[in-house]
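Quick mapping for you: the protein sequence lines, in order, are chains U and E. First residue of the first sequence: 909, per my numbering; consecutive thereafter. First residue of the second sequence: 2, per my numbering; consecutive thereafter.
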Amino acid sequence: MAIVINGSGTVTGLAVGGLPDGTVDAGTLATNSVDSAELIDGAVDDSHMASISGRKNIFINGDFSVNQRGLTTSAVTATNNTYNIDRLANYIVGVGAQVALGSEELIGGTYETPVKYTVSSAASGRLGGLQKVEKWYKGQTVIMSAWVKSNNANARLRIYDGSNEFYSSTHTGGGAWEKLTATGTLATNAGQLYCYLFIVDGSGGSVTLTTNDYIHIAKYQLELGSTATDFEHRSYGEELALCQRYFQLFREGAGYFAGNGVGGNRIDCGLPLAVPLRVSPSFTSNGYLTHRSGNANSSANQITAGEYNAYSNMLKIRCGGHSVSDEVAYTVRISSYDLLVDAEL
Amino acid sequence: MVITNAKYIKDVVTNENYAVSATIDGQGYNIPMDTGNRHYAEILKQVADKKITIAEAD
């Protein structure tokens, strides 16, 4: 007998397999019915802890909580392979497209702000975004999950390691939020790890896209293993620090940096970083100027990186376009526009 | 990436090139000559493919 019940109706024995799968769930376990005193050492082993352990999401900013670039609910033109929000690169091929940050809404049981891609000019093309993962997890099985909303039945996920590609099933195109998953074992010689959320055909090719076709994305996650678990919300501070390895924003006018005149037209100074950058960064020429002590602006928005070190919180920057004296101390601040420091993949 | 107006930036002290300015997808950038930088890597690729050239510094 699988379950032994004595004459008083008390359960006194339970055979292996006595409780079939699904018999015990959250609804059948009363609060405090199983406490630590009742779990002997080894009762729950590591292989069963994956679904409840922390730091499981390999993606950074999977809930779009960090938004250093300032994407808003007002749609802006989305350009292929550029970033409008931290860590999510646009993937726009063949069509004109816009991107916006959605208002908070209930998605899969939690309140989220999705990223919304919309076709603005119809054509045969591809629409969506991707996260480029720095570590390639060679030879390991991974699973990608995301909440996706679309009016196109070709919306899907894709994991690509440079040779192998793994797709999810497609969204129904019914305009509601659906959770999609894609899984596969990455090649032992993987040369990249790009994970897409987009509208494409079954082999990653273009499809007919009409104006106002859309894909909305929320809670995207990449985990080791083949079981997609609930989305992990990390703290904002932790997520921000992770994002700043790839991009940092210095507000116009925020602070003075100590520098030194080099030759007759350049000031070299130290830029204090929030965290060390992934690589020596590009600086976007968005109209910023550098303003130096002596009340003079640079003649051009020409900051370039120098003396990069992967472990340093200080980056030497060269601020060109000044009229200075060699080997004289100056202070410098960013003027007119924000300084965008880009070390993305 | 659509890259135009690529041009070296020269160090005033050493007189050697140390960065590249370029317009990428319509956005101006000042880019270090570091192959780990995605912009510089793409510039090198397009130079190798003979799609663009990098002009000498002023």
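Think of the CB as a built atom: it goes at the ideal place given N, C-alpha and C, for glycine as much as any other residue. These numbers were taken from a predicted model, which means no experiment stands behind them.
- Around the beta carbon of residue 1035 of chain U, a 10 Å sphere encloses 16 or more other beta carbons of the protein chains shown; the residue is thus reported as buried.
- Scanning its chain for C-beta atoms nearer than 7 Å, with the 5 sequence neighbours on each side dropped, one finds around residue 1236 of chain U the residues 1169, in chain order.
- The beta carbon of residue 31 of chain E falls within 8 Å of a beta carbon belonging to chain U, placing the residue at that interface.
- Contact between residue 1198 of chain U and residue 1243 of chain U holds, with the beta-carbon distance rounding to 7 Å and staying under 8 Å.
- Across the structure, residue 1090 of chain U and residue 1043 of chain U are spaced so that their CA atoms are roughly 18 Å apart.
- Beta-carbon to beta-carbon, residue 35 of chain E and residue 1216 of chain U are separated by about 7 Å, close enough to satisfy the 8 Å threshold.
- Shortest Cα-Cα distance from residue 966 of chain U to any of U:994, U:1045, U:1066 involves U:1045.
- Around residue 1204 of chain U, no beta-carbon contact reaches into chain E at under 8 Å, the shortest distance being about 17 Å.
- Listed along the chain, the chain U residues whose CB falls inside 8 Å of the CB of residue 38 of chain E are 1187, 1188, 1189, 1190, 1251.
- Residue 1219 of chain U: not part of any alpha helix (DSSP H); DSSP gives it neither H nor E.
- According to the DSSP secondary-structure assignment, residue 1250 of chain U is paired through a beta bridge with U:1155, U:1190.
- The beta carbon of residue 10 of chain E sits closer than 8 Å to those of 18, 19, 20, 21, 22, 31, 58, all from its chain and outside the five residues before and after it, given in chain order.
- Between residue 1023 of chain U and residue 996 of chain U, the C-beta spacing is below 8 Å.
- When U:1154, U:1060, U:1124 are compared, the shortest CA-CA separation from residue 1114 of chain U is found for U:1060.
- The beta carbons of residue 992 of chain U and residue 1007 of chain U sit closer together than 8 Å.
- If you compare the alpha carbons of E:39, E:53, E:56, E:29 with that of residue 1208 of chain U, the shortest gap goes to E:29.
- With its beta carbon less than 8 Å from one in chain E, residue 1171 of chain U belongs to the interface.
- When the Cα atoms are used, residue 1179 of chain U and residue 1031 of chain U turn out to be separated by approximately 44 Å.
- For residue 1129 of chain U, the enclosing beta strand (DSSP E) starts and ends at 1122–1132.
- Judged by DSSP secondary structure, residue 1199 of chain U falls within the beta strand (DSSP E) whose first and last residues are 1197–1200.
- In chain U, no part has a C-beta under 7 Å from the C-beta of residue 9 of chain E; the shortest such distance is about 11 Å.
- If you draw a straight line from the Cα of residue 1186 of chain U to the Cα of residue 39 of chain E, it comes to about 11 Å.
- In the DSSP assignment, residue 30 of chain E falls within the beta strand (DSSP E) that extends over 28–33.
- DSSP places residue 46 of chain E in the uninterrupted alpha helix (DSSP H) bounded by 39–49.
- For residue 1210 of chain U, the neighbours in chain E by C-beta distance under 8 Å run, in chain order, 10, 22, 31.
- For residue 992 of chain U, the enclosing beta strand (DSSP E) has its first and last residue at 991–993.
- Cβ-Cβ separation between residue 986 of chain U and residue 1000 of chain U: approximately 5 Å, consistent with a contact (criterion under 8 Å).
- A Cβ-Cβ distance of about 6 Å is found for the pair residue 1081 of chain U and residue 1058 of chain U, placing them in contact under the 8 Å criterion.
- The distance from the Cβ of residue 1249 of chain U to that of residue 1155 of chain U is about 7 Å, consistent with a contact at the 8 Å cut-off.
- Per DSSP, residue 1043 of chain U lies in no beta strand (DSSP E) segment and is marked neither H nor E.
- Residues of chain U with a Cβ closer than 9 Å to the Cβ of residue 28 of chain E are, in chain order, 987, 990, 1192, 1193, 1194.
- From the beta-carbon of residue 14 of chain E, the residues of chain U found nearer than 7 Å are 1170, 1171.
- The beta carbon of residue 50 of chain E does not come within 8 Å of any beta carbon belonging to chain U, so the residue lies off that interface.
- In this structure, the beta-carbon distance from residue 1056 of chain U to residue 1123 of chain U falls below 8 Å.
- Between residue 1164 of chain U and residue 1232 of chain U, the C-beta gap is not smaller than 8 Å, which leaves the two residues out of contact.
- A direct Cα-to-Cα measurement between residue 926 of chain U and residue 920 of chain U gives close to 13 Å.
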